[in-house]
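Enquirer: Before anything else, here's the structure in question.
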Amino acid sequence: MTTGDHESVPGAIETILKVTCEGRDVPAVLWEPESADGPVPLVLVGHGGGGHKRAPTVTRMAAGLAREHGIATLAIDGPVNGDRVENNDEAWALRKQDRHAYRRRYYMEKYSQMVADWQAALDVAVQRPLIDGSAVGYWGLSMGTRFGVPLVVAEPRIKAAVLGLFGYGEGVETNQRVYDDIVRVSVPVLFIQQLQDDEVSQRAYYDLFQMIGTENKRLHANPGRHAAVPRSETEASRLFLARKLKGAQDD
Numbered sequence: 005m006t007t008g009d010h011e012s013v014p015g016a017i018e019t020i021l022k023v024t025c026e027g028r029d030v031p032a033v034l035w036e037p038e039s040a041d042g043p044v045p046l047v048l049v050g051h052g053g054g055g056h057k058r059a060p061t062v063t064r065m066a067a068g069l070a071r072e073h074g075i076a077t078l079a080i081d082g083p084v085n086g087d088r089v090e091n092n093d094e095a096w097a098l099r100k101q102d103r104h105a106y107r108r109r110y111y112m113e114k115y116s117q118m119v120a121d122w123q124a125a126l127d128v129a130v131q132r133p134l135i136d137g138s139a140v141g142y143w144g145l146s147m148g149t150r151f152g153v154p155l156v157v158a159e160p161r162i163k164a165a166v167l168g169l170f171g172y173g174e175g176v177e178t179n180q181r182v183y184d185d186i187v188r189v190s191v192p193v194l195f196i197q198q199l200q201d202d203e204v205s206q207r208a209y210y211d212l213f214q215m216i217g218t219e220n221k222r223l224h225a226n227p228g229r230h231a232a233v234p235r236s237e238t239e240a241s242r243l244f245l246a247r248k249l250k251g252a253q254d255d
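Numbered per the working numbering, the sequence shown spans residues 5 to 255.
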């Protein structure tokens, strides 16, 4: 399954980036605010499981960042998603049949690869005149947190992160890299929790939040199931990143 046809992102100009890393193509797209005059911050947006770089969650985030805050967005496909060569009928059949087996097969060896792919895409993006490479943030929930935590730890250009929809103690085998790295997170973090989550227990949320290494962290909990993060929360997460990347001090 590829990303196929897609709608434009209001308020932003889209560019397909040519990115290669360690001999593989990295499907990447950049949205720059169309009304910007000078260098603008950049937010890396990691999509959730089963999504891709142009999933609705990603494009809505890109539109909001561009129109509300004058911020650019960079997205890449996950390891078995979108236009990746690994995204095939066999992978999708296993995902539907047994998600734990799918994650063991397709995720456990992909953490370092995803960090390298993100960094390669970021290197290409910051070469563009409009992008301020000193003001980079990360936004990613669920699978976006799975592969985002190692990136946030490894990439010094990232100054703040929005994470969430992930917990400690569930699927330990495939999640161990997240648990090992999250204690090393040092940038400000907004962590998003769903109170009626049908995939992550409330205790797992609490335990993972406590593990986040930085003292500059906050937890936002909302009613609803795993995939029902309210619009007000996504707006708040954009504001959090905008303030951090534009140098605003906490109230």
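Backbone N, C-alpha and C define an ideal beta-carbon position, used for all residues, glycine too.
The structure displayed is predicted, hence computed values, not measured ones.
Apply the 10 Å Cβ neighbour rule to I162 and answer buried if 16 or more other Cβ atoms are within range, or exposed otherwise.
Expert: Locating residue 162 in the sequence shown gives position 158, where the first residue counts as 1. With 16 or more Cβ atoms within 10 Å of its Cβ, I162 is classed as buried.
Enquirer: At the level of alpha carbons, what is the spacing between E38 and L48?
Expert: Against the sequence shown, residue 38 aligns to sequence position 34. Against the sequence shown, residue 48 aligns to sequence position 44. Looking at the two C-alpha atoms, the distance is approximately 18 Å.
Enquirer: Going by beta carbon distance, what residues of the same chain come within less than 6 Å of V84, once the five residues before and after it are set aside?
Expert: Numbered from 1 along the sequence shown, position 80 holds the residue referred to as residue 84. E90, N91, A95 and Y110.
Enquirer: Below 8 Å, how does it come out for the stretch 114–132 and the stretch 191–200: are there three or more Cβ pairs, yes or no?
Expert: No, because fewer than three Cβ pairs between the stretch 114–132 and the stretch 191–200 fall closer than 8 Å, the two stretches do not touch.
Enquirer: Between H73 and A246, which are expected to be in contact by the criterion C-beta below 8 Å, what is the C-beta distance as a whole number of angstroms?
Expert: Walking along the sequence shown from the start, residue 73 turns up at place 69. Walking along the sequence shown from the start, residue 246 turns up at place 242. Right, the Cβ-Cβ distance comes to about 4 Å (below 8 Å), so this counts as a contact.
Enquirer: Please go through the same chain and pick out, in chain order, the residues whose beta-carbon is closer than 6 Å to the beta-carbon of T19, but skip the five residues on each side of it.
Expert: Mapped onto the sequence shown, residue 19 falls at position 15. For T19, where only same-chain residues beyond five positions count, the Cβ hits under 6 Å are L34.
Enquirer: Where does G148 land, buried or exposed, given buried means 16+ other C-beta within 10 angstroms?
Expert: Within the sequence shown, numbered from 1, the residue matching residue 148 stands at position 144. By the 10 Å Cβ count, G148 comes out buried.
Enquirer: Alpha carbon to alpha carbon, how far is D9 from E219?
Expert: Reading the sequence shown from its first residue, position 5 is the one you call residue 9. Reading the sequence shown from its first residue, position 215 is the one you call residue 219. Because D9 sits at a pLDDT of 44, beneath the cut-off of 50, its placement in the model cannot be relied upon, and the following sentence gives the value as read from the coordinates. Going from the Cα of D9 to the Cα of E219 covers about 42 Å.
Enquirer: When we look at the beta-carbon of V13 and count the other beta-carbons within 10 Å, is it buried (16 or more) or exposed?
Expert: Sequence index remark: in the sequence shown, residue 13 carries index 9 (1-based). With 16 or more Cβ atoms within 10 Å of its Cβ, V13 is classed as buried.
Enquirer: Using DSSP bridges, identify the partner residues of V193.
Expert: Here residue 193 is taken as the residue at index 189 of the sequence shown, counted from 1. For V193, which the question treats as bridged, DSSP gives the partners A165 and K221.
Enquirer: Would V44 be called buried (16 or more neighbouring beta carbons within 10 Å of its own) or exposed?
Expert: Residue mapping note: residue 44 aligns to position 40 of the sequence shown, counting from 1. Label assigned to V44: buried.
Enquirer: What residues in its chain sit with their C-beta under 6 Å from that of V119, if we drop five residues either side in the sequence?
Expert: Numbered from its first residue, the sequence shown carries residue 119 at position 115. Result list for V119: P154, L155 and A158, in chain order.
Enquirer: Per DSSP, D201 forms a beta bridge with which residues?
Expert: Start at 1 with the first residue of the sequence shown, and residue 201 comes out as number 197. Per DSSP, none; premise fails for D201.
Enquirer: What number of angstroms, rounded off, separates the C-alpha of G137 from the C-alpha of H224?
Expert: Sequence index remark: in the sequence shown, residue 137 carries index 133 (1-based). Sequence index remark: in the sequence shown, residue 224 carries index 220 (1-based). Going from the Cα of G137 to the Cα of H224 covers about 28 Å.
Enquirer: How big is the Cα-Cα spacing for R107 and T178?
Expert: In the sequence shown, residue 107 corresponds to position 103, counting from 1. In the sequence shown, residue 178 corresponds to position 174, counting from 1. Cα to Cα, R107 sits roughly 7 Å from T178.
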